[in-house]
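One structure is given here, and the rest of the page talks about it.
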Amino acid sequence: MPQWSRILPELDWIADGDLRNLVEKVWEDAFQLGGWHEDDLDAIPFTLLVKDADINLFDHTRIVTHLCRQIAGPLKEMQGLDINDDHLIAGALLHDVGKLLEYGKNGGEIAMARSGRLLRHPLSGMGLAVKWNLPEEVSHIIAVHSREGERSYRSPEAIILHHADFIMFESFKSRKEFPGI
Ligand SMILES: [Fe+2]
């Protein structure tokens, strides 16, 4: 069984121990339902939309979680915005957990799975969060983080996560596709 606190050390940032445990349970459930092996984890790319994406799902999740914390700081301290840090960090750590169901191993290749065609990762991730009784605010962040949320209400925590995710993805994609510019 993977040691989630070693793979995602930012779990420690969640102050509520029950919530921290639930976040680990959701990752473990997705890992088992997706039929993954511990040795596979390093090789799971964070996206299939960029060819040869050499950042894995867990490094992406960590980068986005760090960005969320950095973005929340001045909004709380200088703007006086009320942010629930535990919900934000739990949502950041889980926003792409559904990719363990969206992707699968096709021979040696990691590719889109049937499940991923039917339910993209924001939907499958939200389903897992609801199944494990995470706070609705966390399920919300997962559900609306990508284009599925474009016509929906987004909480401030969901807005932060959505933009942090796209800052990471777009900046990575830009340098990867146009390395000389
Ligand atoms: Fe993401």
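182 is the number of the first residue of the sequence shown in this note's numbering; add one for each residue after it.
Built from N, CA and C at the ideal position, the CB exists for glycine as well.
Being a predicted model, the structure only gives us computed values, none of them experimental.
Here Glu-258 is exposed, its C-beta having fewer than 16 other C-beta atoms within 10 Å. If you compare the alpha carbons of Pro-190, Leu-200, Met-182 with that of Asp-210, the shortest gap goes to Met-182. In the displayed model, Ile-236 falls within coil according to three-state DSSP, outside both helix and strand. A distance of 8 Å or more separates the beta carbons of Leu-282 and Val-207.
The residue from Lys-312, Glu-205, Ile-225, His-326 with its alpha-carbon nearest to that of Glu-290 is Ile-225.
For Val-245, the distance from the CB to the nearest heavy atom of ligand 1 is below 7 Å. Here Arg-243 is near Leu-189, since their CB atoms are less than 8 Å apart. Each residue's CA atom was taken as its position, placing Leu-200 and Ile-362 some 43 Å apart. Secondary structure at Asn-202: helix, using DSSP grouped into helix, strand and coil. Set against 7 Å, the gap from the CB of Asp-210 to the closest heavy atom of ligand 1 is not smaller.
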